[in-house]
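Numbering-wise (our numbering), the sequence shown opens with residue 526 and increments by one.
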Amino acid sequence: MCGILAIISQKSNISEELVLSLSMLQHRGQDGAGIATLKDNNSIFEYKKKGLVSQIFSIDILKNMESSVGVGHVRYTTQGSDSELNLMPITLKKKDISEINNSLQNILKKKDISEISIVFNGNIQNISEIKEILKNKFDFIAKTESDGELLGALFLFHYEKSVIDSIKYIQTIVKGAFSVLILTNSGDIISFIDNYGFRPLFWGKKVKNGEIFYMASSETPPLDSFEYDIYKEMGAGDILFFEKNRDPIFYEGKKERQSFCVFEYLYFSRPDSIIFNQSVAEIRVECGKTLAKTAKKHNLLPDIVIDIPSSGYFAASGFSEEMNIPLKRGILQNEFMKRTFILPQQSERDAGVKQKFNIIKSIVNSKKIAVIDDSIVRGTTAKYLIKQLKLAGAKEIYLFSASPKIFNPCYYGVDIAKREELIVNYYSHDGLERYFGVEKLIFLDLDELKKIFDRNRFCFACFDGNYPILQDE
Ligand code: SF4
526 MCGILAIISQ KSNISEELVL SLSMLQHRGQ DGAGIATLKD NNSIFEYKKK GLVSQIFSID
586 ILKNMESSVG VGHVRYTTQG SDSELNLMPI TLKKKDISEI NNSLQNILKK KDISEISIVF
646 NGNIQNISEI KEILKNKFDF IAKTESDGEL LGALFLFHYE KSVIDSIKYI QTIVKGAFSV
706 LILTNSGDII SFIDNYGFRP LFWGKKVKNG EIFYMASSET PPLDSFEYDI YKEMGAGDIL
766 FFEKNRDPIF YEGKKERQSF CVFEYLYFSR PDSIIFNQSV AEIRVECGKT LAKTAKKHNL
826 LPDIVIDIPS SGYFAASGFS EEMNIPLKRG ILQNEFMKRT FILPQQSERD AGVKQKFNII
886 KSIVNSKKIA VIDDSIVRGT TAKYLIKQLK LAGAKEIYLF SASPKIFNPC YYGVDIAKRE
946 ELIVNYYSHD GLERYFGVEK LIFLDLDELK KIFDRNRFCF ACFDGNYPIL QDE
């Protein structure tokens, strides 16, 4: 999972707004970040580094990158290593291409494109096949392990007839999830999404002092903060093309295949995001209320509800409201720690969880506690915190997951890579209760979750194994 962003104005400098907006997508990836902007001489300047957005970009760097158009990326490693080489944006230049294919140079010259910079969110499944195509047809060998480089190269090599033909070719041959933004050296921004629409991408528009600005973002909060109105929510197969100082051109994809990732609502997206006109926070509250109804059926009577911060909060508030018992802050989170789930190595996750949380003993001591987590994937966080809560004197613990059991890997950009990593595949339900050391363990029922959503537009594959794209494994 990553975050992507683009801004295009008519003339004003956007580099500062680009970076400030990108920091609002930091939760989507903390391995590194980068931006690319167009300089006055129509060449692309990129700057990317490992670390957090706030640590990477200084005033001087932003001054050097002043521009009316640019793209940005925060990386969360699901493909390749977390080395600096794999950070985005990835800029492909005419020089790189001339080394590869002379006839292509002529095509690009004709179209006045000599450079592109690409950012993307998702995961390509048929990487070997795409690499073979690029090698055999165009003698192109990728320099990085990033899927973004492959998508960028495909785009450039097929840019013979039109932007649209090139994108439609990518949408046909690339299997997987990809929400893409491309900056060209003509000052255009091209955006497109795979034919299943797994990952979010929004466009917003604002008019300030008579000047029109557009912003694309993986989530809506940067659009809210910088006063953009929603212009387009990109769905399965959609293409939106912004030529400098012209009205945007939109090509609608086939919506019957739409398979949006339901995990975006349950864990990944910010609670203040709006997706398909539904508030992520409100969906989580709804999941919490549904869990509370199950708790009532089991005659559970906790004294207090506590959330596992921070993504368990809204489900916990729905649970508390439905059960009419108080929601307390019994676990404190160190806000400066990375999100534990998206740390790349298990050893880092184990160490991270210890530094990230602390228990407030006076709140939990002698209490029967309903503990609400957003989901249970590897079980690292829940296992550690239950032990700490018991050490702090909790009398009974009922653990609730506001997502159903996750049995299956994700091939579409979320780091749930292997069945062996998933704790529910190791134990029976009773076994899981013993493993976590809780009096009761309740997961959100999958059918109940599907009732909350229009089941035909969403991917639930990590829960039910019904992958929208057939798997070769
Ligand atoms: S498999 Fe799960 S995490 Fe992956 S896209 Fe589908 S719902 Fe999202």
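C-beta atoms are modelled at their ideal positions from N, C-alpha and C, and glycine is treated no differently.
Inset, instruction - Could you pull out every residue in the same chain whose Cβ sits closer than 8 Å to the Cβ of K660, ignoring the five residues on either side in sequence? - result: Only I666 meet the Cβ criterion.
Legend entry - Beta-ladder partner(s) of A895, from DSSP: A895 has V830, Y923 as its beta-bridge partners, per DSSP.
Inset, instruction - Reducing DSSP to helix, strand and coil, say where Q630 ends up. - result: With a pLDDT of 45 at Q630, under the threshold of 50, the predicted position of this residue should be treated as unreliable, though the coordinate-derived value follows. Residue state for Q630 is assigned as helix, using DSSP reduced to three classes.
Legend entry - Residues near F839 in its chain [Cβ-Cβ closer than 6 Å; skip 5 each side]: Closer than 6 Å at the Cβ level, and outside the excluded window around F839, lie P796, A806, R809, V810.
Inset, instruction - Run the CB neighbour count on R600, radius 10 Å, all protein chains shown included, and call it buried at 16 or more, exposed below. - result: Buried.
Inset, instruction - Excluding the 5 residues preceding and the 5 following K892 in the sequence, name in chain order all residues of the same chain whose CB lies nearer than 7 Å to its CB. - result: Contacts found: D828, I829, A919, K920.
Legend entry - Continuous beta strand (DSSP E) stretch holding S691: start and end: No beta strand (DSSP E) contains S691, which is instead part of the alpha helix (DSSP H) from 688-698.
Inset, instruction - Please list, in chain order, all residues of the same chain as F983 whose beta carbon is under 7 Å from its beta carbon, the five residues on each side excluded. - result: For F983, where only same-chain residues beyond five positions count, the Cβ hits under 7 Å are S784, F785, V787.
Legend entry - Under the three-state DSSP convention, the category C987 falls into: DSSP places C987 in helix when its eight states are reduced to three.
Legend entry - the stretch 739-755 / the stretch 562-575 touching (three or more Cβ pairs under 8 Å): These segments do not touch.
Legend entry - Inter-residue spacing [alpha-carbon to alpha-carbon] between I948 and G576: In this structure, the alpha-carbon of I948 lies about 30 Å from that of G576.
Legend entry - Beta-carbon gap between S928 and S900 smaller than 8 Å: Yes, Cβ-Cβ distance for S928 and S900 is below 8 Å.
Inset, instruction - Inspect the CB distances between the stretch 881-891 and the stretch 847-861 and report whether three or more fall short of 8 Å. - result: As far as the Cβ criterion goes, the stretch 881-891 touches the stretch 847-861, which means the pair count is three or higher.
Inset, instruction - Examine the ligand SF4 and report whether any of its heavy atoms sits within less than 7 Å of the Cβ of C987. - result: Yes - the ligand SF4 has a heavy atom lying nearer than 7 Å to the Cβ of C987.
Inset, instruction - Measure the beta-carbon distance from V596 to P614 and round it to whole angstroms, keeping in mind my assumption that it falls under 8 Å. - result: That belief holds up - the Cβ atoms of V596 and P614 are roughly 6 Å apart, short of 8 Å.
Legend entry - N710, DSSP secondary structure in three states: N710: coil per DSSP, three-state reduction.
Legend entry - Cα-Cα separation, A561 to I529: A561 and I529: Cα-Cα distance of roughly 12 Å.
Legend entry - Start and end residues, alpha helix (DSSP H) containing A840: In the DSSP assignment, A840 falls within the unbroken alpha helix (DSSP H) covering 838-848.
Legend entry - Alpha-carbon spacing of E541 relative to L547, whole angstroms: Between the alpha carbons of E541 and L547 lies a distance of about 10 Å.
Legend entry - Sequence-distant residues of the same chain with beta carbon closer than 7 Å to L765, five excluded per side: Within the same chain, L765 has close Cβ partners S716, W728, K757, M759, P773, F775.
Legend entry - Pair within 8 Å by beta-carbon distance, N720 and C527: Taking 8 Å as the Cβ cut-off, N720 and C527 do not qualify as a contacting pair.
Legend entry - Segment limits, beta strand (DSSP E) that includes E744: Where E744 is concerned, there is no enclosing beta strand (DSSP E), given that its DSSP letter is neither H nor E.
Inset, instruction - Using the Cα positions of I622 and T616, report the straight-line distance between them to the nearest angstrom. - result: Note that I622 has pLDDT 49, beneath the 50 cutoff, so the model's placement of it is unreliable and no number is given.
Legend entry - Bridge partner(s) assigned by DSSP for H598: H598 pairs with I529, G559.
Inset, instruction - Measuring only between beta-carbons, confirm whether S900 sits less than 8 Å from chain C. - result: Given the protein chain composition of this structure (a single chain), no chain C is represented.
Legend entry - Rounded C-alpha distance that separates V902 from S842: Those two C-alpha atoms are separated by around 22 Å.
Inset, instruction - Go through its chain and collect everything with a Cβ distance to E973's Cβ below 7 Å, but skip five positions before and after it. - result: Excluding sequence neighbours, E973 sits near T815.
Legend entry - CA-to-CA distance, I533 to S583, given in whole angstroms: Cα to Cα, S583 sits roughly 21 Å from I533.
Legend entry - Residue range of the beta strand (DSSP E) that includes F680: Looking at the DSSP string, F680 is not in any beta strand (DSSP E); the run it does join, the alpha helix (DSSP H), is 672-682.
Inset, instruction - State the Cα-Cα distance for the pair Q913 and L966, rounded to the nearest angstrom. - result: Computed Cα separation, rounded: 17 Å.
Legend entry - Boundaries of the alpha helix (DSSP H) in which K975 is found, first to last residue: Residues 971-977.
Inset, instruction - Would you identify the three-state DSSP class for S716, choosing helix, strand or coil? - result: Under the three-state reduction of DSSP, S716 is assigned to strand.
Legend entry - DSSP-derived helix/strand/coil call for A820: Correct three-state label for A820: helix.
Legend entry - C-beta contact flag for Y923 and A820 at 8 Å: Going by C-beta atoms, Y923 is nearer than 8 Å to A820.
Inset, instruction - Compute the distance between the beta-carbons of G554 and K574, then report whether it is under 8 Å. - result: Between G554 and K574, the C-beta spacing is not below 8 Å.
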